[in-house]
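Colleague: Have a look at the structure that comes next, please.
Chains as they are written, first to last, in the working numbering: chain H, 1 to 86; chain R, 87 to 651.
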C-alpha cells in the first residue's frame, strides 16, 4: 500500500537529502517524488511504500515533523495535517 | 516555546575572525568544557581558543572527545561540545555522534573542513562530513559564510536540547574560520527554551480510568524520565499510586533501586520479578520508554494481556511498536503530575510482586574463592553512596552493573544503551568526572572494551582526573563467548583474549596508580583502596572466564522464557 505525503520545509543545504534519507532509513521505499520551490517554504511530495515490519505512516510523519526546518507534514487524502513542533 | 531573554548584544567593532566568532558563540552559550583534538582544517579555531575562557580537554582520539562530551552532557543536562578537524578527525567522531543520537544526548560537534573552493576536489583531509553524519545527527550545518556563525551556533545549542535531545554538527570550512573583519548577520541569538505542551484532558481522564480499573498494573519507565526532568514527578506518582515499577537500562536510577515496589530492570538480562510482573500485567504504563527489543523480547508476547498507556516527550514514539490505548505526548513531568494515580484493589498484586522480588533476588554466595564480579560491583556502588556515578562499557560487566549496582539518580548510571559502544566507559568517565568534580566516578570496563579507548589513560594522567577504573578481566570477549556457548553450540570463534597486556603494568606506564585483585578475600581492602585513592586509579580484577550473565532471555523468546544458571 502506498501513501503520498506532503512535506513543507525551509530550504537549506542538504534538506532534501535529509528528508529522503530519513524516509528510506525508517523502512519505506520511495515510489515517486516531486519538488516544488515556493517563496518561503518548499514542498516535497513523496509516494512511499512500507517495507516489511511494524511500520505506521503516523510514526513516519511524526519523525519527519520533528526535523529541523520542517513546517508541516500531511498525508494526501483525508489525514490531518501535522504541524511541526520545533 | 517560552520566550527567552534577549541576549546581550556584542558591540565590539567587527574585527573578529570567523574562528573568534566560534569561540564567542561557545562562551555566549555558557560552555565551560570542550573535548577535542586539533588538526589542519580546525587550526584557526584552536588559535582563537587559547585566549578564551573555555577549558579544552585534549583527548587522544576524536571518538573519545565525542564520548566524553556525551557523558558530560548526561551529567549536566547541557549540550556537550566536541571539536575535531576535517577528514579522519570528523570520521572518528561518528561513533560518538551515533551513540549520542541513539541515547538522545544533547551534543554540539564542531568539525573543521577544507576551504570552500577546495570542497569537492578530493583535497587533503577532505571528506563529506555533512553527508556521512546525516543519519546520526538531529541536524547539521555547513557554514559557508562566517557572518552566519553566531546565529547557527545559537540554533545548534537550542535544537540539540529541545524536544527529543540529540547531537548536532557544525562543519566549518577553513576559509570561513580564517575570514577577518566579519559583521555577523544577526546577533539575535536565541537561547534554549523548553517547549510547552498543552495537557490533553480527555486522554488524562482516560488514563485515570484505566489505572483505576486495572488489577495488575505495572509502571514501565525509561530514559525519557531523565530527558524530561521528570524524576520527582515519577517518584511522586510511584509513591502515590503504589504501582509496581520496572526500568529499562536507561531508566535505571530514576527510582532509587532499593525502593520497595521497584522490581529492577526488565528485558533480556532483567530480573525475573520485573519480567514476570510485566508478563502478567493487565495495564502497562509506559513512561519515557520505547518498547526497545532488548526490553520487550518477542514483542507479540510482551505484556500480551495488558492495555497500554504511553507517555512520552516524543510523539513519534507513541504506538511506534506497540499500540497505545491511551497516548499522552508532551511534558512527561506535567503529565505524571496530572494523573490521579488512584488505583483500585492492587494491594494483593503489589504484595505478589514484592514477594517475587524477594524470592528471585540475586544471590551473592557464589562458590569458590575467586572474585565474584556482581558482588564486587554491588559493594562498590554501596560504598560510594549517593555520589556514585558509574560509566560502563559494553558486555557482561555492563549487564552486571545494571543488575547489581545501587543507583539513586539517573545520572549515576551512564551506559551506552542504544548503540552499545564498546569503548564508551573510559572517555565517559572523564566527561562525568569533569562535569561533577565532587562525585565518585567509577568506570567499569571489560578487557575487551577498555582496549577500544585505552589511549585515554593519557588524558586521565594529563589532567589528574580522579577517575576510579574497575577493569573486569576474563581474558575473553565475555558476552560473545556466552552467546557462542549457549546458542552456537560452543563453537568459540575469536573471543579468546589470552594475549591481553598486564593491565596494571599498562596503567602504571601511563603514570596511573594500579593494582590487581584476584582473590575474594581481598575485595574489602581493594574497594577501600579504590575509593580512597585521590587521583586516577585502576583496579584490575581477574575473574573466572566461564562466568555468565544470568538470567537471560534467549533471542526471539518471550521475556517469561528466561534462562537461569
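Glycine included, each C-beta is placed from N, C-alpha and C at the ideal position.
(1) For residue 529 of chain R, which of helix, strand or coil comes out of DSSP?
(2) Please classify residue 87 of chain R as buried or exposed, where buried requires at least 16 neighbouring CB atoms within 10 angstroms.
(3) Mind checking if residue 288 of chain R is an interface residue toward chain H, Cβ cutoff 9 Å exclusive?
(4) Please decide whether residue 250 of chain R counts as near chain H, where near means a Cβ-Cβ distance under 9 Å.
(5) Three Cβ pairs or more, each shorter than 8 Å: is that satisfied between the region 514-523 of chain R and the region 545-553 of chain R?
(6) Taking the alpha-carbon positions, what's the residue 28 of chain H to residue 593 of chain R distance?
(7) Could you please give the first and the last residue of the uninterrupted beta strand (DSSP E) stretch that includes residue 227 of chain R?
(8) Give me the residue from R:243, R:399, R:360, R:300 with the minimum Cα distance to residue 310 of chain R.
(9) To the nearest angstrom, how far is it from the Cα of residue 611 of chain R to the Cα of residue 119 of chain R?
(10) Note down, in chain order, every chain R residue with its Cβ under 9 Å from the Cβ of residue 41 of chain H.
(11) Does residue 2 of chain H pass the burial test, meaning 16 or more other C-beta atoms within 10 Å, or should it be called exposed?
(12) Report the three-state DSSP secondary structure of residue 231 of chain R (helix, strand or coil).
(13) Could you check how far apart the C-beta atoms of residue 269 of chain R and residue 233 of chain R are, in whole angstroms? I think they sit under 8 Å.
(14) Cα separation between residue 638 of chain R and residue 362 of chain R?
(15) Using a C-beta cutoff of 9 Å, does residue 100 of chain H count as contacting chain R?
(16) The beta strand (DSSP E) that contains residue 398 of chain R, what's its start and end?
(17) Pick from R:261, R:103, R:595: whose alpha carbon is nearest that of residue 200 of chain R?
(18) Taking only the alpha-carbon atoms, compute the straight-line gap between residue 334 of chain R and residue 308 of chain R and give it to the nearest angstrom.
(19) Leaving out five residues before and five after residue 344 of chain R in sequence, what residues of the same chain have Cβ atoms less than 7 Å from its Cβ?
(20) Sorted by chain position, which residues of the same chain lie with C-beta nearer than 7 Å to residue 142 of chain R's C-beta, five sequence neighbours on each side aside?
(21) Are any of the Cβ atoms in chain H nearer than 9 Å to that of residue 237 of chain R?
(22) Flag this pair as yes or no: are the beta carbons of residue 627 of chain R and residue 559 of chain R separated by less than 9 Å?
(23) Based on Cα-Cα distance, which residue from R:585, R:567, R:590 lies nearest to residue 579 of chain R?
(24) Could you spell out where the alpha helix (DSSP H) holding residue 460 of chain R opens and where it closes?
(25) Taking beta-carbon pairs under 9 Å, can you tell me which members of the region 10-37 of chain H lie near chain B?
(26) Pull up the CB-CB distance for residue 175 of chain R and residue 193 of chain R, whole angstroms please, since I reckon it's below 8 Å.
(27) Do residue 644 of chain R and residue 388 of chain R have their C-beta atoms closer together than 9 Å?
(28) If you check the beta carbons only, do residue 375 of chain R and residue 450 of chain R fall under 9 Å apart?
(29) Let me check one thing: in DSSP terms, what residues is residue 331 of chain R bridge-paired to?
(30) Need the endpoints of the beta strand (DSSP E) that residue 6 of chain H sits in, please.
Modeller: The relevant details are as follows:
(1) Translated into the one-based positions of the second chain, residue 529 of chain R becomes position 443. In the displayed model, residue 529 of chain R falls within a strand according to three-state DSSP.
(2) For the purposes of this step, residue 87 of chain R is taken as the residue at position 1 of the second chain. Residue confidence for residue 87 of chain R is low, a pLDDT of 34 falling below 50, so the modelled location carries little weight; the figure read from the coordinates is stated next. Residue 87 of chain R should be labelled exposed.
(3) The residue given as residue 288 of chain R occupies position 202 in the second chain. It does not; no Cβ of chain H falls within 9 Å.
(4) To locate residue 250 of chain R, count along the second chain from 1; it is residue 164. Interface residue, yes.
(5) Contact holds between the region 514-523 of chain R and the region 545-553 of chain R, because three or more Cβ pairs, one in each stretch, are under 8 Å apart.
(6) For the purposes of this step, residue 28 of chain H is taken as residue 28 along the first chain, with counting starting at 1. For the purposes of this step, residue 593 of chain R is taken as residue 507 along the second chain, with counting starting at 1. Roughly 49 Å separates the two Cα atoms.
(7) The residue labelled residue 227 of chain R in the question sits at position 141 within the second chain. Element bounds for residue 227 of chain R: 225-228.
(8) The residue you call residue 310 of chain R lines up with position 224 of the second chain. Per the Cα distances, R:399.
(9) The residue you call residue 611 of chain R lines up with position 525 of the second chain. The residue you call residue 119 of chain R lines up with position 33 of the second chain. When rounded, the distance between both Cα atoms is 35 Å.
(10) Mapped onto the first chain, residue 41 of chain H falls at position 41. In chain order: nothing, as chain R lies at least about 17 Å away.
(11) Sequence index remark: in the first chain, residue 2 of chain H carries index 2 (1-based). Counting other Cβ atoms within 10 Å of its Cβ, residue 2 of chain H stays below 16 and is therefore classed as exposed.
(12) As a working mapping, residue 231 of chain R is identified with position 145 in the second chain. The three-state secondary structure of residue 231 of chain R, taken from DSSP, is coil.
(13) Locating residue 269 of chain R in the second chain gives position 183, counting from the first residue. Locating residue 233 of chain R in the second chain gives position 147, counting from the first residue. At roughly 6 Å, the Cβ-Cβ gap stays under 8 Å, so residue 269 of chain R and residue 233 of chain R are in contact.
(14) For the purposes of this step, residue 638 of chain R is taken as the residue at position 552 of the second chain. For the purposes of this step, residue 362 of chain R is taken as the residue at position 276 of the second chain. Between the C-alpha atoms of residue 638 of chain R and residue 362 of chain R there is a straight-line separation of about 13 Å.
(15) No answer is possible for residue 100 of chain H: the residues shown for chain H start at 1 and end at 86.
(16) Residue mapping note: residue 398 of chain R aligns to position 312 of the second chain, counting from 1. For residue 398 of chain R, the enclosing beta strand (DSSP E) covers residues 393-398.
(17) As a working mapping, residue 200 of chain R is identified with position 114 in the second chain. The shortest Cα separation from residue 200 of chain R among R:261, R:103, R:595 belongs to R:261.
(18) For the purposes of this step, residue 334 of chain R is taken as residue 248 along the second chain, with counting starting at 1. For the purposes of this step, residue 308 of chain R is taken as residue 222 along the second chain, with counting starting at 1. Straight across, the Cα-Cα distance linking residue 334 of chain R with residue 308 of chain R is about 5 Å.
(19) Here the question's residue 344 of chain R lines up with position 258 in the second chain. Non-local C-beta neighbours of residue 344 of chain R in its own chain, meaning closer than 7 Å and more than five positions away in sequence, comprise 492, ordered along the chain.
(20) For the purposes of this step, residue 142 of chain R is taken as residue 56 along the second chain, with counting starting at 1. Closer than 7 Å at Cβ, skipping near neighbours: 120, 122, 135.
(21) The residue given as residue 237 of chain R occupies position 151 in the second chain. Taking Cβ atoms only, chain H never reaches closer than 9 Å to residue 237 of chain R, which makes this a no.
(22) Locating residue 627 of chain R in the second chain gives position 541, where the first residue counts as 1. Locating residue 559 of chain R in the second chain gives position 473, where the first residue counts as 1. Inclusion of residue 627 of chain R and residue 559 of chain R in the CB contact set at 9 Å is warranted, their separation being smaller than that value.
(23) Against the second chain, residue 579 of chain R aligns to sequence position 493. Closest option to residue 579 of chain R, Cα to Cα, is R:567.
(24) Working through the second chain from its first residue, we reach residue 460 of chain R at position 374. That run of the alpha helix (DSSP H) goes 459-470.
(25) Absent from the structure: chain B. Protein chains present are H and R.
(26) Within the second chain, numbered from 1, the residue matching residue 175 of chain R stands at position 89. Within the second chain, numbered from 1, the residue matching residue 193 of chain R stands at position 107. Actually they do not touch by this definition, with Cβ atoms about 16 Å apart.
(27) To locate residue 644 of chain R, count along the second chain from 1; it is residue 558. To locate residue 388 of chain R, count along the second chain from 1; it is residue 302. Taking 9 Å as the Cβ cut-off, residue 644 of chain R and residue 388 of chain R qualify as a contacting pair.
(28) Along the second chain, read from residue 1 onward, the residue named residue 375 of chain R stands at position 289. Along the second chain, read from residue 1 onward, the residue named residue 450 of chain R stands at position 364. Not a contact, by the Cβ cut-off of 9 Å.
(29) For the purposes of this step, residue 331 of chain R is taken as residue 245 along the second chain, with counting starting at 1. Answer by DSSP bridge pairing, in chain order: R:305, R:348.
(30) For the purposes of this step, residue 6 of chain H is taken as residue 6 along the first chain, with counting starting at 1. Segment 3-9, the beta strand (DSSP E) holding residue 6 of chain H.
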